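Novice: Please read through the structure below; I'll follow up with questions.
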Amino acid sequence: MKTINELEMEVNRFRTIFNKQFRVVNNSVSLKDAEAFYFYVSLLRNPTVVNLSSMEEWENLFHFTDIVSNNFCTRFSERFSFFKWKDLRLCCLVRLKFSTNDVAILLGIKEESVIKNKGRLKKQLEMNVKHSFEVFDEYIDQF
193 MKTINELEME VNRFRTIFNK QFRVVNNSVS LKDAEAFYFY VSLLRNPTVV
243 NLSSMEEWEN LFHFTDIVSN NFCTRFSERF SFFKWKDLRL CCLVRLKFST
293 NDVAILLGIK EESVIKNKGR LKKQLEMNVK HSFEVFDEYI DQF
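Going letter by letter, the sequence shown gives residues 193 to 335 in my numbering.
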């Protein structure tokens, strides 16, 4: 679990990004962007409370990820169209720098399953299986 100070720093970082990236029309932010931002902030504050079970929640998270990371979800799903829906969800959470424990909670699976899924994705991305999972996370972060 992240400390309050870490959360505040992360929220401030995303506010800075949002100020640059928000689609502003007539000096106002789109409702879709605002909803995505607030949904992400609620996940940051307490990932154990939010259950990412609905398509709408995932769409908010994908939209937020696209805003703050140069359309990551869109680019990633186009580049790796063979990936399944659950793979994109995992990569999205990795891109947003959620811990393995938080990813497990948000996906409703065990940490071991997160690790196995990362290993499977490394193989599909033709990454050296001997590389650590940090290498996978870095790849996702830099994509």
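Glycine residues also receive a C-beta, built at the ideal position from the N, C-alpha and C atoms.
Predicted model only: the values in this text are computed from it and were never measured.
What is the DSSP secondary structure of residue 178, reduced to helix, strand or coil?
Specialist: Because residue 178 is not part of the residues shown, which for the chain are 193 to 335, the question remains open.
Novice: Return the CA-CA distance between residue 200 and residue 301, expressed in angstroms with no decimal places.
Specialist: Here residue 200 refers to the residue found at position 8 when the sequence shown is read from its first residue. Here residue 301 refers to the residue found at position 109 when the sequence shown is read from its first residue. Rounded to the nearest angstrom, the two C-alpha atoms are 27 Å apart.
Novice: Determine, for residue 222, whether the minimum Cβ-Cβ distance to residues of chain B falls below 8 Å.
Specialist: Of the chains in the structure shown, none is chain B; there is only one protein chain.
Novice: Decide if residue 223 is buried, meaning its Cβ has at least 16 other Cβ atoms within 10 Å, or exposed.
Specialist: To locate residue 223, count along the sequence shown from 1; it is residue 31. Exposed is the call here.
Novice: Which complete alpha helix (DSSP H) runs does the segment 214-279 hold, if anything under 4 residues is left out?
Specialist: Listed in chain order, they are 223-237, 247-260 and 264-271.
Novice: Less than 8 Å between the CB atoms is what I'm expecting for residue 295 and residue 280, so what's the real figure, rounded?
Specialist: Against the sequence shown, residue 295 aligns to sequence position 103. Against the sequence shown, residue 280 aligns to sequence position 88. The pair is not a contact, with the Cβ atoms about 13 Å apart (cut-off 8 Å).
Novice: Between which two residues does the alpha helix (DSSP H) carrying residue 292 extend?
Specialist: Position 100 of the sequence shown, counted from the first residue, corresponds to residue 292. Start and end: 292-299.
Novice: Would you say the beta carbon of residue 275 comes nearer than 7 Å to a heavy atom of the ligand FMN?
Specialist: In the structure shown, the ligand FMN is absent, as is every other ligand, since no ligand is present at all.
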